[in-house]
Amino acid sequence: MSELILVEGVCKRYVTSSGPVDALRDVSLSVGAGEFCTLIGPSGCGKSTLLAVLGGLVSADAGRVAVDGRPVDGPDPRRVATVFQDPGLFPWRTTLENVEFGLELQGVSAVERRRVAADLLGPLGLRDFAAKYPRELSGGMRQRVAIGRALAIDTPIVLMDEPFGALDEQTRVLMGEWLLDIWRRTRKTVVFVTHSLHEALALSTRVAIMTARPGRIKSVLELPMPYPRAMESAEMVALRAKLWGDIRDESLRAMQ
Amino acid sequence: MQTQVVLIRVAILVAALGAWEIVGHTANPALYVPPSAAVPALGRLLALDSYPDLAQHLLLTLREILVAYALAIAAGLGCGFVLGVNRLVGRAYGPILAALYAVPAVVWYPSLMLFFGLDAASKIAFGFLLGFFPITLAVLAGIRQVNPQLLVVARAFGASGVTAFRKVTLPAMLFTLVGGLRTGLALTVIGVIVGEILGSKSGMGSLINHAYGLFRTDDYIALVVVTLVLIVGSDAIASLVERRAQRWTE
Amino acid sequence: MNQARESVRVRLIQMLSIAAVLLAWEGVARAGWVDPLFVPAPTAVAGALGRIGRAALAGLGETLLKTAIAYAVAVVIGVGGGILLGSVRALRQAVNPFVIALYGMPKILVLPWIILFLGFGAMPAVVYATIHGVFPILVLVTGAVRDVDRNLVTVARAFGARRWQLYWKVVLPAIVPTVLAGMRLGIVFCLLGVLVVEMFAGVRGMGYVLSSLANGFQAAELFAATALVSAASIIIVLSLASVNERLSQWRGESR
Chain A
0 MSELILVEGV CKRYVTSSGP VDALRDVSLS VGAGEFCTLI GPSGCGKSTL
50 LAVLGGLVSA DAGRVAVDGR PVDGPDPRRV ATVFQDPGLF PWRTTLENVE
100 FGLELQGVSA VERRRVAADL LGPLGLRDFA AKYPRELSGG MRQRVAIGRA
150 LAIDTPIVLM DEPFGALDEQ TRVLMGEWLL DIWRRTRKTV VFVTHSLHEA
200 LALSTRVAIM TARPGRIKSV LELPMPYPRA MESAEMVALR AKLWGDIRDE
250 SLRAMQ
Chain B
0 MQTQVVLIRV AILVAALGAW EIVGHTANPA LYVPPSAAVP ALGRLLALDS
50 YPDLAQHLLL TLREILVAYA LAIAAGLGCG FVLGVNRLVG RAYGPILAAL
100 YAVPAVVWYP SLMLFFGLDA ASKIAFGFLL GFFPITLAVL AGIRQVNPQL
150 LVVARAFGAS GVTAFRKVTL PAMLFTLVGG LRTGLALTVI GVIVGEILGS
200 KSGMGSLINH AYGLFRTDDY IALVVVTLVL IVGSDAIASL VERRAQRWTE
Chain C
0 MNQARESVRV RLIQMLSIAA VLLAWEGVAR AGWVDPLFVP APTAVAGALG
50 RIGRAALAGL GETLLKTAIA YAVAVVIGVG GGILLGSVRA LRQAVNPFVI
100 ALYGMPKILV LPWIILFLGF GAMPAVVYAT IHGVFPILVL VTGAVRDVDR
150 NLVTVARAFG ARRWQLYWKV VLPAIVPTVL AGMRLGIVFC LLGVLVVEMF
200 AGVRGMGYVL SSLANGFQAA ELFAATALVS AASIIIVLSL ASVNERLSQW
250 RGESR
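Chains as they are written, first to last, in numbering that gives the first Met the number 0: chain A, 0 to 255; chain B, 0 to 249; chain C, 0 to 254.
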């Protein structure tokens, strides 16, 4: 498997009013093409910062970040699409217009944009909501539109920063299953940030556990099991225990 | 970053005053009175040299403002509460009030002048008219933004309608109300001054008119400065009261 | 009480109240309790409207024309300036106190000076009205640009938006509601400015019509003219409000 995303020795420091804060220190990670890689860790460990670095929204102070062999020096909408925890839909655009947004920025013709967006509505489960505005959609629907917007530009890599964080538990589980379905069909490379162990175990092919701040990659868990995952199997239960064991220490440390 | 901002501000001020000074010297001095001529004019005014009865006019203007404001508060609070407390009355007369607010107040002034004549009464009436609307609207807005859950809690603890109003609604809307009172004062002041400038025999506005009519531009500027001090001063007092209210309600 | 029935009751109360006031007014005037020189009866006012109708409408037209010109300029400067100030933080912080000070200052204090400079005529009226109308628009638009949801900007950047695309596709659509609100305020301010100049300097227009009717003690005609210009103003503001509603359907029930 070729390494599509390469992160080596990345450091990021923020200057705050109470002094400098090291968000990331010496983070190294690689993600192969077609993988579903989850970043998990305690609050404040820098997972969102790492994702922002991957997406070119934030530049690292030290280290290398390369996507598809090229160093990252800014948002690259031809290779990387991002979904945020706040769906960030434009309230004045309908569902279709929101999904089209990335294509619009790239200068794709109106007819072509509309076709791509309309084709996506089926898998998104939003066919009846094409002309609705965000305020008329539920939280889960809005996040699906945001994901649709990311899928519309058809990038090899999709970054997701706790996309289901603001949803209730039941919706989260269903959204996770839906996302898995989309991923398996499109075969994209996904980097997914969460602090839900369930999501990490149910969705990923690889889980990278981060330490408390300043964040580093503590350990990486490979999950080669087939989908859909039987979460009650002995294997999964053991993995869950291991994952929790690794994270627990970091969570405690983060709380101090 | 902060020093950069302060520097830009100082630069703007210096540039503006400088340009005014230069233009004032090169062009028609009667029109472009430069700051260097305005300052002594201000001195002459305050020494009661150019206008010996300045104090009387100033006091008259102040009196007009106070009376107009008192009336505006009384009527504004009264109307506001009547419209705000009774839902049906509020829905019926609210839009009429809003429509009247869409009319530039100065259209009423000639009618007021015809009815009350040229002296203080018409200025008081006009000031009242301008100050009345923001106060009424603030009372309405204040009542509307009270969290209904608070009233539910009060009722659950056995409070009667009047008690709930006194102990819950009133404190909860106090801040919005005080904001409206402050706006009302600012508008009342403007109303009185506009009234005086548009036609009066006494008061600061009449002095301004007088100076303007006689091309005494330097005295005119001095009078404007004094009037501005009056305006800013009244708003400063109002904002102090507002800040007090903010401390009580938070 | 459900919505529909309450609305009917509301309409009823409104119409009955207005009718009652008019009837009482008419009665009081006819009974001679008030001096007809100061308070003419509604019927007298209606009659007067017929008499001065043409002159009043001509005056109104002049006023509205000047208002329209001043308004156009005020909107351009207000929106353009607001976008500039809202985007450039250092500039905004530096200039803000001056803007607030000028906004709060009653412009009428400089009106005599403007008349001295520009003389009598349409020009000072347009200039003064522009100054009057610019400030609320400028202040509102500056605030709206400054307060654009940061998330939306981040999203646009993540999708590769360039600077001009950020403005065109995110900032501008986001500030539309505020721009409309500012424009609604601006028109009243501009109209007010024109009327004040017409009253103060005797410039041709509705303001002059009103003040000369007042000076001539023609109470019925004055009331009629006042009603005319009030109605015009209300119609203009209501039309702007309905345009606002139509352009803001994505916001839902904003009232």
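Beta carbons: idealized from backbone N, C-alpha and C, even for Gly.
Those residues of the stretch 26-44 of chain B placed with their C-beta closer than 7 Å to a C-beta in chain C are L30, ordered along the chain. The contact set of B/P109 on chain C, defined by CB atoms closer than 8 Å, consists of M198, L209, S210, L212, A213, L221, T225 in chain order. In the DSSP secondary-structure assignment, A/D160 is bridged to A/V192. Under the 8 Å Cβ criterion, the stretch 118-137 of chain B counts as touching the stretch 57-73 of chain B, having at least three qualifying pairs. Look at C/P96 here: in three-state DSSP terms it is helix.
The Cβ atoms of A/T154 and A/A229 lie no closer than 7 Å to each other.
A Cβ of chain C is located within less than 7 Å of the beta carbon of A/G54. DSSP places C/A143 in the helix class (H, G or I) of the three-state scheme.
Comparing C-alpha distances from A/S203 to each of A/V172, A/Y226, A/L5, A/E135 shows the shortest one belongs to A/Y226. For C/L22, no CB of chain B lies under 7 Å from its own CB, so it is not counted at the interface with that chain. Shown here, A/S29 sits in a strand according to DSSP, grouped into three states. For C/I107, the nearest beta carbon of chain B is closer than 7 Å to its own beta carbon.
Burial is judged here by how many other beta carbons sit within 10 angstroms of a residue's own beta carbon; B/H56 has at least 16 and is buried. Its chain contains V66, D67, T154, P155, I156 as the residues whose beta carbon lies nearer than 7 Å to that of A/R78, once the 5 sequence neighbours on both sides are disregarded; these appear in chain order.
Contacts with chain C (Cβ-Cβ distance below 7 Å) from the stretch 4-15 of chain B involve V4, I7, R8, I11, listed in chain order. Under the DSSP definition of a beta bridge, A/I208 partners with A/I39, A/S218.
Residue state for C/R10 is assigned as helix, using DSSP reduced to three classes.
Taking 7 Å as the threshold, the shortest C-beta distance from B/M203 to chain C does not fall below it.
Going by DSSP, A/C44 is part of no alpha helix (DSSP H) at all; its letter is neither H nor E.
C/G142 has its alpha-carbon roughly 41 Å from the corresponding atom of C/L11.
B/Q148 has its alpha-carbon roughly 53 Å from the corresponding atom of B/I207. Residue contact check for C/Q92 against chain A: no CB pair falls below 7 Å. Interface annotation, A/G175: not in contact with chain C, CB-CB separation never under 7 Å. Within the DSSP secondary-structure output, A/E2 pairs in a beta bridge with A/G31. When the beta-carbon positions are compared, C/A230 and C/P39 stay at least 7 Å from each other.
Residue burial is scored here from C-beta neighbours: C/K65 has at least 16 other C-beta atoms within 10 angstroms and is therefore classed as buried. Here the alpha carbons of A/V107 and A/L3 stand approximately 26 Å from one another. Remark: three or more beta-carbon pairs, one from each stretch, lie closer than 8 Å, so the stretch 5-15 of chain B and the stretch 93-113 of chain C are flagged as touching. Taking 7 Å as the cut-off, the Cβ atoms of B/A185 and B/I123 do not count as close. Residue pairing for A/L23: DSSP places it in a beta bridge opposite A/K11, A/G214. Short of 7 Å from the beta carbon of C/L59, and not among the five residues preceding or following it, lie these beta carbons of its own chain, in chain order: M205, L227, V228, A231.
Secondary structure at A/R78: coil, using DSSP grouped into helix, strand and coil. Among the bridge pairs identified by DSSP, A/G18 is matched with A/T15. Taking 7 Å as the cut-off, the beta carbon of C/A71 is found no closer than this to the beta carbon of C/C189. C-alpha of C/E244 to C-alpha of B/A137: approximately 23 Å in a straight line.
By the neighbour-count definition (other C-beta atoms within 10 Å, threshold 16), C/V87 is an exposed residue.
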